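Q: My questions all concern the structure below.
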Amino acid sequence: MGVPLKAPVKGSNGRGAGAVPVLTSSGRFKQLIRLQLKMRQLAFIVRLDDERSLVRAAASMGFAQPQASKLLRQVESSLGVKLFERHARGVEPTDYGEILIRHARQAISALGTAREEIAALKSGLSGKTTIGTIVNPGTNLVPAAISRMKQRYPGVLICVELDPSRQLIESLLQGHLDLVVGRVLDPSLACDLVYEPLAPEEPHAIIAQCIRWRAVKDCNSRTSSSCPGFCPRPGA
Numbered sequence: 087m088g089v090p091l092k093a094p095v096k097g098s099n100g101r102g103a104g105a106v107p108v109l110t111s112s113g114r115f116k117q118l119i120r121l122q123l124k125m126r127q128l129a130f131i132v133r134l135d136d137e138r139s140l141v142r143a144a145a146s147m148g149f150a151q152p153q154a155s156k157l158l159r160q161v162e163s164s165l166g167v168k169l170f171e172r173h174a175r176g177v178e179p180t181d182y183g184e185i186l187i188r189h190a191r192q193a194i195s196a197l198g199t200a201r202e203e204i205a206a207l208k209s210g211l212s213g214k215t216t217i218g219t220i221v222n223p224g225t226n227l228v229p230a231a232i233s234r235m236k237q238r239y240p241g242v243l244i245c246v247e248l249d250p251s252r253q254l255i256e257s258l259l260q261g262h263l264d265l266v267v268g269r270v271l272d273p274s275l276a277c278d279l280v281y282e283p284l285a286p287e288e289p290h291a292i293i294a295q296c297i298r299w300r301a302v303k304d305c306n307s308r309t310s311s312s313c314p315g316f317c318p319r320p321g322a
């Protein structure tokens, strides 16, 4: 495990012949730790490829040219290869540079996507909510609320379980459900649960654990949700 294999590749100038280690996944992970490439370095490599000029790439990122040259040397030293060839017209990536540029673009894009997903989850725009409902509201009120929720927040996954109220309350107390749409059956649970009537003289209510209900209220106030009680579970 982790033993490097040998594979022929092009030389340090990007055109010759040579051999470098081909690592297993664990070997690549250890090598990545040793490289310690920073996102700023990867962003600069991508910008240098876009501009094909050290001066313009440095200016676009707010670097002085000596700082940009030093940064490029640091990356090349870490990898042990030359990434760009200098010409009278500017710079051109070597074959090694092309490889790093491709993966740098992917890394920057993946990080941007991760930030967007994290922001969406924090704001309640994505996540997972599990709802329990009895038959009557489960055939009209709940589907309508879910439809409105999905229109506003398509990234939210909503799961629905259909059971009698007593079984749903048990699942709710065990933490398997986020909320229940059903009937109030056992007044002795008043200390553990919150009941929100769906409408005046309506026999059904939204039922949730006290701590969960406070989170739902907070989420709905942040997102101005028009579907009370339907809030994705953070981290789910």
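Following the numbering used here, the numbering of the sequence shown begins with 87 at its first residue and continues without gaps. Virtual Cβ for every residue (Gly too), placed ideally from N, Cα, C. Just so you know, these numbers come straight off a predicted model, no measurement behind them.
#1: Between I220 and G268, how many whole angstroms is the CB-CB distance? I'm expecting something under 8 Å.
#2: Measure from the alpha carbon of T216 to the alpha carbon of each residue in K124, I255, A143, A145, then state which is nearest.
#3: For A171 versus E162, is the C-beta spacing smaller than 8 Å?
#4: Can you tell which of E282, G213, M125 has its C-alpha closest to the C-alpha of Y239?
#5: Do the segment 147-165 and the segment 126-134 make contact, defined as three or more Cβ pairs closer than 8 Å?
#6: Can you tell me which of G241, T225, S233, K236 puts its alpha carbon nearest to the alpha carbon of E247?
#7: Quick one: what does DSSP say F149 is sitting in, helix, strand or coil?
#8: Using three-state DSSP, classify K214 as helix, strand or coil.
#9: Could you tell me which of V266, Q253, S251 sits nearest to C245, measuring between CA atoms?
#10: Let's test the definition: count the other Cβ atoms within 10 Å of the Cβ of T199 and tell me whether it reaches 16, buried, or not, exposed.
#11: List the endpoints of the continuous beta strand (DSSP E) containing R238.
#12: Where do the N-terminal and C-terminal ends of the alpha helix (DSSP H) with P286 fall, by residue?
#13: What does the alpha-carbon distance come out to for the pair V108 and E202?
#14: Over what stretch of residues does the beta strand (DSSP E) that includes A173 continue unbroken?
#15: What is the C-beta distance between L186 and M125, in whole angstroms, given that I count them as a contact (C-beta under 8 Å)?
#16: Is it right to say H189 is buried, meaning 16 or more other beta carbons lie within 10 angstroms of its own, or is it exposed?
#17: What residues in its chain sit with their C-beta under 6 Å from that of P283, if we drop five residues either side in the sequence?
A: Per the coordinate set shown:
#1: Against the sequence shown, residue 220 aligns to sequence position 134. Against the sequence shown, residue 268 aligns to sequence position 182. Confirmed, Cβ separation roughly 5 Å.
#2: Counting from 1 along the sequence shown, the entry for residue 216 is found at position 130. T216 has its Cα closest to that of I255, out of K124, I255, A143, A145.
#3: Counting from 1 along the sequence shown, the entry for residue 171 is found at position 85. Counting from 1 along the sequence shown, the entry for residue 162 is found at position 76. As written in the sequence, residue 171 is Glu, which differs from the Ala given in the question. No, the pair does not count as a contact, with Cβ atoms beyond the cut-off.
#4: Your numbering for residue 239 matches position 153 in the sequence shown. Selected option, being the one with the closest Cα: G213.
#5: yes
#6: By one-based count along the sequence shown, residue 247 stands at place 161. That would be T225, whose Cα lies nearest to the Cα of E247.
#7: If you number the sequence shown from 1, residue 149 lands on position 63. Here F149 sits in coil by DSSP.
#8: Position 128 of the sequence shown, counted from the first residue, corresponds to residue 214. Here K214 sits in strand by DSSP.
#9: Along the sequence shown, read from residue 1 onward, the residue named residue 245 stands at position 159. Per the Cα distances, V266.
#10: What you label residue 199 is simply residue 113 of the sequence shown in a count that begins at 1. T199 should be labelled exposed.
#11: As a position in the sequence shown, residue 238 is number 152, starting the count at 1. Looking at the DSSP string, R238 is not in any beta strand (DSSP E); the run it does join, the alpha helix (DSSP H), is 227-238.
#12: Residue numbering aside, residue 286 sits at position 200 when the sequence shown is read from its first letter. Neither: P286 is in no alpha helix (DSSP H) and is coded neither H nor E.
#13: For the purposes of this step, residue 108 is identified with residue 22 of the sequence shown, where counting begins at 1. For the purposes of this step, residue 202 is identified with residue 116 of the sequence shown, where counting begins at 1. Summary for V108: the model assigns pLDDT 47, below 50, so the residue's position carries little reliability; its value from the coordinates is reported in the next sentence. Rounded to the nearest angstrom, the two C-alpha atoms are 34 Å apart.
#14: Mapped onto the sequence shown, residue 173 falls at position 87. As written in the sequence, residue 173 is His, which differs from the Ala given in the question. Residues 170-173.
#15: Stepping through the sequence shown from its first residue, residue 186 is reached at position 100. Stepping through the sequence shown from its first residue, residue 125 is reached at position 39. With a Cβ gap of about 13 Å, L186 and M125 do not count as contacting.
#16: Here residue 189 refers to the residue found at position 103 of the sequence shown. H189 should be labelled exposed.
#17: Taking the sequence shown and counting its residues from 1, the one referred to as residue 283 is at position 197. If we look at P283 and ignore the five residues flanking it on each side, its Cβ neighbours are A291.
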